[in-house]
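Colleague: Note that the protein sequences, when read in sequence, are chains A and B.
Position one of the first sequence corresponds to residue 1 (my numbering), numbered consecutively onward.
Position one of the second sequence corresponds to residue 1001 (my numbering), numbered consecutively onward.
Note that the Cβ used here is the ideal one computed from N, Cα and C, for glycine as well.
All values reported here derive from a predicted model rather than from experimental measurement.
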Amino acid sequence: DTAVSQTPKYLVTQMGNDKSIKCEQNLGHDTMYWYKQDSKKFLKIMFSYNNKELIINETVPNRFSPKSPDKAHLNLHINSLELGDSAVYFCASSRGGWDEQFFGPGTRLTVL
Amino acid sequence: AQSVTQLDSQVPVFEEAPVELRCNYSSSVSVYLFWYVQYPNQGLQLLLKYLSGSTLVKGINGFEAEFNKSQTSFHLRKPSVHISDTAEYFCAVGRGGADGLTFGKGTHLIIQP
Chain A
1 DTAVSQTPKY LVTQMGNDKS IKCEQNLGHD TMYWYKQDSK KFLKIMFSYN NKELIINETV
61 PNRFSPKSPD KAHLNLHINS LELGDSAVYF CASSRGGWDE QFFGPGTRLT VL
Chain B
1001 AQSVTQLDSQ VPVFEEAPVE LRCNYSSSVS VYLFWYVQYP NQGLQLLLKY LSGSTLVKGI
1061 NGFEAEFNKS QTSFHLRKPS VHISDTAEYF CAVGRGGADG LTFGKGTHLI IQP
């Protein structure tokens, strides 16, 4: 069973479109995250949620809106996509506290 | 705020040779430390973590790391690498709770036959 899953794995779209990436974890964790990995492989936290409540919102454009319908899911919706949004987006989850984070396989977003 | 510096962007090493990947961090508060590995086109997998206690931490696949508080370092080592160790290695720090991790820029380990 996959612990943290993301769909889709690849997403190719045109500038200006709106798209969503879904994330699900079956680990029973309370905390979920979204990270962005750029073309130079640099990873940066975007959002974290604890028990469906937004905890961290790093300096991310408000075109990005996370939504957590329940503790096991954290989706990322992106409006008006721009070329600079092209990246790999990783979802992660943890029990919080001092526990490690478990990462999904990533979604490679390409904006043309 | 915290930051992580991985001093080498790329480390080539011959198969069966030892390797050390360097990581230094800075933080105004206590942090906990991780090494993650990313194989091509995959997500991140935890190699090992330091929370407290013994400064020498053993992880999966024969890797270990040593926490040095005075030098604010957490270098990763393996006594003998295999071709399958070719990957990107990330050092990260966290403050706990629901905080995200702060990652270094990664070190690409290249194993030469």
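Taking the C-alpha atoms as reference points, what is the distance between glycine 1043 (chain B) and lysine 9 (chain A)?
Modeller: About 11 Å.
Colleague: May I ask which residues mark the beginning and end of the beta strand (DSSP E) holding valine 88 (chain A)?
Modeller: Where valine 88 (chain A) is concerned, the enclosing beta strand (DSSP E) stretches over 87-94.
Colleague: According to DSSP, is asparagine 1061 (chain B) part of a helix, a strand, or is it coil?
Modeller: Correct three-state label for asparagine 1061 (chain B): helix.
Colleague: Taking the CB atoms as reference points, tell me whether leucine 1076 (chain B) and alanine 1092 (chain B) lie closer together than 7 Å.
Modeller: Contact flag unset, no.
Colleague: So what's serine 1003 (chain B) in DSSP terms, helix, strand or just coil?
Modeller: Strand at serine 1003 (chain B).
Colleague: Can you tell me which of B:His1108, B:Pro1113, B:Gly1100 puts its alpha carbon nearest to the alpha carbon of serine 1009 (chain B)?
Modeller: If we check each option's Cα against that of serine 1009 (chain B), B:His1108 comes out closest.
Colleague: Along chain B, in chain order, which residues have C-beta atoms closer than 9 Å to that of asparagine 50 (chain A)?
Modeller: Going along chain B in sequence order, the residues near asparagine 50 (chain A) (Cβ under 9 Å) are Gly1097, Ala1098.
Colleague: Pull up the DSSP beta-bridge partners for aspartate 70 (chain A), would you.
Modeller: Aspartate 70 (chain A) is bridged to A:His73.
Colleague: If the cut is a Cβ gap below 9 Å, which residues of chain B does lysine 41 (chain A) touch?
Modeller: Gln1038, Glu1088, Phe1090, Lys1105, Gly1106, His1108, listed in chain order.
Colleague: Could one say the Cβ of tyrosine 1025 (chain B) lies closer than 7 Å to chain A's Cβ atoms, at least one of them?
Modeller: No, tyrosine 1025 (chain B) lies away from the interface with chain A (no Cβ there is under 7 Å from its Cβ).
Colleague: With DSSP as the reference, please indicate the residues paired to asparagine 1041 (chain B) in a beta bridge.
Modeller: In the DSSP output, where bridge partners are listed per residue, asparagine 1041 (chain B) has none listed.
Colleague: How would you list, in chain order, the residues of chain A whose beta-carbon sits under 8 Å from the beta-carbon of glycine 1062 (chain B)?
Modeller: Within 8 Å Cβ-Cβ: nothing; glycine 1062 (chain B) doesn't reach chain A, min ~19 Å.
Colleague: Are the region 67-81 of chain A and the region 1020-1033 of chain B touching by the rule of at least three beta carbon pairs closer than 8 Å?
Modeller: No, because fewer than three Cβ pairs between the region 67-81 of chain A and the region 1020-1033 of chain B fall closer than 8 Å, the two stretches do not touch.
Colleague: Please confirm whether threonine 31 (chain A) has its beta-carbon closer than 7 Å to some beta-carbon of chain B.
Modeller: It does: the Cβ of threonine 31 (chain A) has a partner Cβ on chain B nearer than 7 Å.
Colleague: Quick check on the burial criterion: 16 or more other C-beta atoms within 10 angstroms. Buried or exposed for leucine 76 (chain A)?
Modeller: By the neighbour-count rule (16 or more Cβ atoms within 10 Å), leucine 76 (chain A) is buried.
Colleague: So who's on the other strand from valine 60 (chain A), going by DSSP bridges?
Modeller: DSSP, once it has assigned bridges, lists no residue as partnering valine 60 (chain A).
Colleague: Cβ of proline 105 (chain A) less than 7 Å from any chain B Cβ?
Modeller: It does: the Cβ of proline 105 (chain A) has a partner Cβ on chain B nearer than 7 Å.
Colleague: Taking only beta-carbon positions, decide if lysine 1049 (chain B) is within less than 7 Å of chain A.
Modeller: It does: the Cβ of lysine 1049 (chain B) has a partner Cβ on chain A nearer than 7 Å.
Colleague: Any Cβ of chain A within less than 7 Å of the Cβ of glycine 1043 (chain B)?
Modeller: Glycine 1043 (chain B) counts as touching chain A.
Colleague: Whether or not the region 74-93 of chain A and the region 3-23 of chain A are in contact is what I'm after, with contact meaning three or more pairs of Cβ atoms, one per stretch, closer than 8 Å; do they touch?
Modeller: Output reads yes: the region 74-93 of chain A touches the region 3-23 of chain A.
Colleague: Does leucine 1076 (chain B) come within less than 7 Å of chain A when only Cβ atoms are used?
Modeller: No, no contact with chain A.
Colleague: For valine 1013 (chain B), which residues does DSSP report across the bridge?
Modeller: Partner(s): B:Ile1111.
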